[in-house]
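Numbering follows UniProt numbering, in which position 221 of the sequence shown is assigned residue number 221; successive positions increment by one, without gaps. A virtual CB, placed ideally from N, CA and C, is assigned to each residue, including glycine. First up is the structure itself, then whatever we jot down about it.
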Amino acid sequence: MPAERAGYTVTMFLVDISKSMGKTRIVELPEGPNGEERTAKITNLQWGLQYVKLKIQEMIYNGRKTDKCGVIVFGSEDTDNIVNQNNGGYENVSEYFHIAQPNAATLAKLDRLEPSETTGDPIDCLIVGIETQADHLGSKKTWTRKIILVTDGENPIEIEDWDATVKKLNGLDIALTIVGIDFDDEEFPYVEEDKSTIKRVNEGFYKQFIDGVEKGVLGTCAYALQDISRPDIKQTKSVLMGTVLRLGDVDTRPEKSLEIMVKTSKCTAINRPKSWKKFSVRKEEDDEKAKMALDGEEYVRYAQLKQISEYFVDKRDKDEDGDVKMEEAEEEIDDGTKKKDPTEGMESVDKETLVRGFKYGTSYAPCPDGQFLRLNTKKGIEISSFFPKKRFRRELSMGEIQYVWADPSSPQQQVALSSIVQAMYEKGVLAIARWVTNDGMDPKMGVLSPTIFDKVDCLLWAQMPFADDVRKYTFPSLDRLVNKKGEVVTEHPYLPTEEQLDAMDNFVDAMDVMAAGEKDEEGNREPWFDTRYSYNPAIHRVKQAMFHCAVVSDLDTNPLPPPHPELLKYFEPPRKVVKRAHDAIEEAKAAFKVKEVPKKVTRARKDGHVHARDDDDEMLLLDRKAPATTQPQVVEEPTPSSSTQEQIITPNEDDSATEESEEEEDLLAQVPSKKGGNPFPTPARSTSPQVDPGREHGRIVGTTYPLKDFQKNLAAKDLVTKAVEDLAFVITEIVLRPFSSRRTDELIECMKVMRDTCLNEDEIDAWNEFLLELKKKCKTTPGNPEFWRELQNIGRSISLISDEEAREKGGESDDVTESKAEKFFD
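What follows is the structure in structure tokens.
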């Protein structure tokens with residue numbers, strides 16, 4: 001399907017303002033600052049107008065003069081439409097907003113719509129909309145025609161000869177969208193309860209009506225509002241620009257050169273978030289002038305601020321050549337605070353008295369004419385040379401890509417360009433080309449790449465920098481060190497070992513997401529990341545914020561909703577990949593001896609308090625000298641008195657191995673030691689020895705309080721896999737210990753919590769593997785058959801997780817059926 005022509009569209013919005021649209025509803029709002037649930041009470045008309053205003057805001061956002069719209073309401077108290085004026089009839093239908101390019105006043109006028117005390121016929125309004133649109137466009141057949149009807153379907157409809165209206169819509173190629181308030185939608189899904197009889201009949205008619213329209217869509221308002229907030233990339237046709245492709249010197253050697261008439265168009269175009277504009281309340285004197293100048297139109301007291309540049313010179317500050325240095329000051333909004341005047345002691349000058357200069361190194365080169373003499377260039381694309389494709393440096397490409405097509409109206413030019421493209425493709429070469437857009441314009445250097453489609457051959461153009469613009473920064477070798485004697489050093493903390501290189505290779509391979517996506521029809525995993533469905537969060541979030549501000553009148557009671565889920569889809573890596581990379585991460589940590597830097601305790605003055613940095617200040621340290629020690633380090637600071645202040649710092653063994661319970665935090669007070677007394681510092685809250693959590697090196701769950709450690713680590717979402725793995729290890733270790741029967745109840749409770757966690761957090765494979773391994777070890781001598789009999793007594797609730805259970809939670813289970821899970825303990 002060809003892309004729509006950008007702009008050149010007239011959209012008619014038909015809005016139902018009948019009495020029934022005044023019915024109120026409760027809508028959910030984003031959570032409050034403290035997570036509290038919030039709701040708002042609005043009418044059906046206000047809810048439906050949100051969709052209309054979002055569509056109009058899209059036109060304002062694009063800023064195309066050829067993108068126009070009009071608003072017609074039905075169910076109004078009065079009648080004002082062109083059909084009624086010419087032929088009579090079509091009562092209670094009014095043209096609320098004439099067809100024009102929308103602006104902020106359009107949205108403000110829509111906010112003033114209120115439900116009436118009467119009813120209107122949507123078919124009458126639809127006919128009026130068709131005629132109004134046709135009257136405005138006349139014979140402009142290339143323009144796109146759209147009509148959007150918003151109604152609740154609660155009022156009678158005159159359905160006589162409705163098929164003639166359908167034929168009219170199809171004949172004019174009009175795209176019709178009907179947005180129903182609380183209409184049933186099986187795909188959404190939504191079904192309204194206690195629906196009135198007239199609404200049920202009307203919905204059936206609308207479905208029959210829309211089936212006859214070639215470009216017809218029917219949907220419920222809730223889905224329409226959700227869909228319009230989805231990130232969207234609109235593809236449009238680029239205008240073909242004519243130029244000439246030259247190969248060889250056509251001026252001096254025309255017999256050995258070639259000229260091909262070509263057309264260029266954009267392949268990609270850079271897009272940035274919309275910039276914000278500053279507005280302020282008009283001054284009193286400007287306020288009256290603006291009201292007088294509007295001549296009866298709607299007055300807006302806020303006006304956009306414009307930047308004014310003023311130029312100043314300081315004659316006391318001159319350079320070596322005696323030239324006066326100039327400074328530029330820009331007028332800004334004053335926030336009410338007193339600021340130092342940057343122009344103090346300087347003299348204002350007119351812009352006309354200044355000479356433009358271009359920076360060259362540390363000096364400026366004056367240019368009285370505003371620009372230097374241009375090169376005598378000729379319009380066209382000139383191929384300078386060819387080079388192997390493998391030598392192309394992709395990092396030098398400067399952004400946008402252009403298509404270079406042969407002239408569509410000349411078969412001879414198409415054959416000529418196709419032969420060049422085919423030759424370049426077979427030889428595996430690219431072309432260096434010089435592009436001049438118009439005679440006398442500055443040239444651009446770039447690369448032409450051959451591209452072969454099914455039915456056409458073309459070239460792709462990518463702009464490249466000039467050789468003088470490429471900066472080369474060198475730095476010492478990463479894998480070759482030389483000492484002061486000139487000898488090559490083979491072992492050094494800066495040189496990676498083979499073990500470290502292998503660990504990093506495994507870590508990089510474990511993060512591969514090329515097979516981490518959904519399964520295709522054949523059951524093969526697809527890549528997780530798809531550029532077609534990834535969106536720039538900055539562009540679309542800013543767009544969402546601007547649209548929301550245009551739709552709602554009070555941001556305090558109706559704040560900005562969270563980003564659309566499609567916008568956040570690639571913010572978090574797949575859980576399966578994180579789980580798969582866990583062992584590689586631990587291997588890399590061990591190989592590089594990555595340790596967490598203990599909090600640096602800074603002292604205030606002599607007897608001041610000790611302040612520790614926030615958790616956000618933590619960083620990683622590559623410790624190559626010695627492994628971490630669990631012995632406390634004592635840092636002493638002598639004072640003039642006979643006592644000393646001491647502080648214990650206990651370095652962590654890894655990122656998670658020393659996480660303690662809240663009662664065992666390593667916050668220790670400074671206790672002065674008495675002369676001749678115990679030289680070691682004393683904890684602040686308790687003098688009793690701390691309980692050993694029983695954690696092995698690299699584990700975050702200990703044997704002392706396994707369930708408490710496990711639940712504490714579940715709060716950190718990125719530690720779920722590690723916590724499940726360590727709890728499985730701890731349970732198995734305790735079960736195989738002597739006298740483990742004393743902890744049977746505790747271990748079973750741990751297993752129940754672990755099974756629920758694995759089922760809800762998509763760690764199903766981890767639970768099934770753990771249970772199979774536990775069964776094997778319990779039944780192997782010496783094992784623990786008594787504990788396994790306790791599990792058999794519990795039965796299915798603690799057995800394997802089947803594929804049926806997994807699907808209910810949105811997860812997956814490999815080859816574990818429900819019958820297999822039931823017979824596991826037999």
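{"Item": "Inter-stretch contact at 8 Å, needing at least 3 Cβ pairs: the segment 216-230 / the segment 178-186", "Value": "yes"}
{"Item": "Contact between the segment 205-217 and the segment 160-178 (3+ Cβ pairs under 8 Å)", "Value": "yes"}
{"Item": "Rounded C-alpha distance that separates residue 900 from C267", "Value": "Not covered by the structure: residue 900. The range shown for the chain is 1 to 826."}
{"Item": "In DSSP terms, what M241 is bridged to", "Value": "T264"}
{"Item": "Test item: CB-CB of E533 and E566 under 9 Å", "Value": "Residue identity differs from the one stated: residue 533 is Tyr in this sequence, not Glu. Their beta carbons are under 9 Å apart, which means Y533 touches E566 by this criterion."}
{"Item": "Beta-carbon proximity check, M445 vs W435, cutoff 9 Å", "Value": "yes"}
{"Item": "G70 burial status per 10 Å Cβ neighbour count (16 or more: buried)", "Value": "buried"}
{"Item": "Cβ contact (3+ pairs, closer than 8 Å) linking the segment 552-561 and the segment 244-254", "Value": "no"}
{"Item": "Assigned secondary structure, H611 (DSSP; H/G/I helix, E/B strand, else coil)", "Value": "Reliability of the predicted coordinates at H611 is poor, the pLDDT of 44 falling under 50, and the value obtained from them is presented with this limitation in mind. Looking at H611 - three-state DSSP - the assignment turns out to be strand."}
{"Item": "Cβ contact (3+ pairs, closer than 8 Å) linking the segment 106-116 and the segment 152-172", "Value": "no"}
{"Item": "When Y51, E28, K53, V52 are compared against K41, the one with the closest alpha-carbon", "Value": "E28"}
{"Item": "Own chain, CB closer than 6 Å to V83, minus 5 neighbours either side, in chain order", "Value": "Y90, V128, E131"}
{"Item": "Simplified DSSP assignment, three categories, for S819", "Value": "helix"}
{"Item": "Every unbroken alpha helix (DSSP H) inside the segment 484-567 [4 residues or more]", "Value": "498-510, 537-551"}
{"Item": "One or two residues paired with G357 in a DSSP bridge", "Value": "P366"}
{"Item": "Identity of the residue in V262, M21, I748, V415 nearest Q402 by Cα", "Value": "V262"}
{"Item": "Simplified DSSP state of E804, which is helix, strand or coil", "Value": "helix"}
{"Item": "Reduced DSSP category for S661 - H, G, I as helix; E, B as strand; rest coil", "Value": "Residue placement at S661 is poorly supported in this model, since its pLDDT is 37, which falls under 50; the coordinates are not used for a value here."}
{"Item": "Integer-rounded CB distance, given that I381 should sit under 8 Å from V404", "Value": "7 Å"}
{"Item": "Neighbour-count burial assignment, N271, 16 or more Cβ in a 10 Å radius", "Value": "exposed"}
{"Item": "Anticipated Cβ contact below 8 Å, C758 with I801, distance rounded", "Value": "7 Å"}
{"Item": "Whole-number beta carbon distance between F770 and S799, since they are thought to touch under 8 Å", "Value": "That belief does not hold up - the Cβ atoms of S799 and F770 are roughly 12 Å apart, past 8 Å."}
{"Item": "Sequence-distant residues of the same chain with beta carbon closer than 6 Å to S265, five excluded per side", "Value": "S238, L240, Y403"}
{"Item": "For D314 and G345, the rounded distance between their alpha carbons", "Value": "7 Å"}
{"Item": "E818 to R789 span [Cα, whole Å]", "Value": "21 Å"}
{"Item": "Test item: CB-CB of F710 and D726 under 9 Å", "Value": "yes"}
{"Item": "Distance, L54 Cα to G63 Cα", "Value": "14 Å"}
{"Item": "Run of the alpha helix (DSSP H) containing W767, from where it starts to where it stops", "Value": "764-779"}
{"Item": "CA-to-CA distance, D756 to W276, given in whole angstroms", "Value": "49 Å"}
{"Item": "F453 in three-state terms, based on DSSP", "Value": "coil"}
{"Item": "Sufficient close CB pairs (3 or more, under 8 Å) joining the segment 71-80 to the segment 91-99", "Value": "yes"}
{"Item": "Nearest-angstrom Cα separation, counted from K752 out to R200", "Value": "49 Å"}
{"Item": "Coarse secondary structure for G380, derived from DSSP in three states", "Value": "strand"}
{"Item": "Nonlocal neighbours in the same chain, by C-beta distance under 8 Å from R699, ignoring five residues either side", "Value": "A657, D726, F729, V730"}
{"Item": "Cβ-based neighbour list, K14, same chain, cut-off 6 Å, excluding 5 preceding and 5 following", "Value": "First, the amino acid is wrong: residue 14 is Leu here, not Lys. Within the same chain, L14 has close Cβ partners I72, C125, G129, L149."}
{"Item": "Cβ neighbour criterion (16 or more within 10 Å) applied to F787", "Value": "buried"}
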